[in-house]
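Reviewing the structure listed below.
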Amino acid sequence: MIALAASLAGALLRAKAVRRALAVLAAGAAILFAVRRALDSAERRGAQKRQAEIDRETLRRIDDANRAESDANSGSARDRRLHDRFNRD
Numbered sequence: 038m039i040a041l042a043a044s045l046a047g048a049l050l051r052a053k054a055v056r057r058a059l060a061v062l063a064a065g066a067a068i069l070f071a072v073r074r075a076l077d078s079a080e081r082r083g084a085q086k087r088q089a090e091i092d093r094e095t096l097r098r099i100d101d102a103n104r105a106e107s108d109a110n111s112g113s114a115r116d117r118r119l120h121d122r123f124n125r126d
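In my numbering, the protein residues as written are 38 to 126.
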């Protein structure tokens with residue numbers, strides 16, 4: 038009888054410890070999931086910023102090429118360079 042009571046008490050303690058361990062594991066998994074989601078989000082924002090910078094640079098180069106072509110066609114490249122030199126923002 039005492040052995041049975043001891044066995045049941047041991048089983049209850051083990052069950053309690055297992056539940057506690059599972060709760061700790063679940064909390065750890067939730068934290069890891071949240072950290073991973075935050076890192077993925079930060080990576081996406083960084084990629085979006087890099088792409089926006091590439092887009093701005095591409096548009097600037099297109100604008101410069103269009104301006105150079107326009108200047109070459111109008112013969113006012115020298116005038117534009119002087120204007121740009123003395124009228125910078």
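Glycine is no exception: its CB is placed at the ideal position from the N, C-alpha and C atoms.
Please read all numbers here as calculations on a predicted model, not as lab measurements.
Nearest-angstrom Cα separation, counted from alanine 40 out to leucine 62: 32 Å
Rounding to the nearest angstrom, what Cα-Cα distance links glycine 47 and lysine 53 in this structure? 10 Å
Alpha carbon to alpha carbon, how far is alanine 58 from isoleucine 68? Give it in angstroms, no decimals. 15 Å
Per-residue DSSP class, three states only, for asparagine 103: helix
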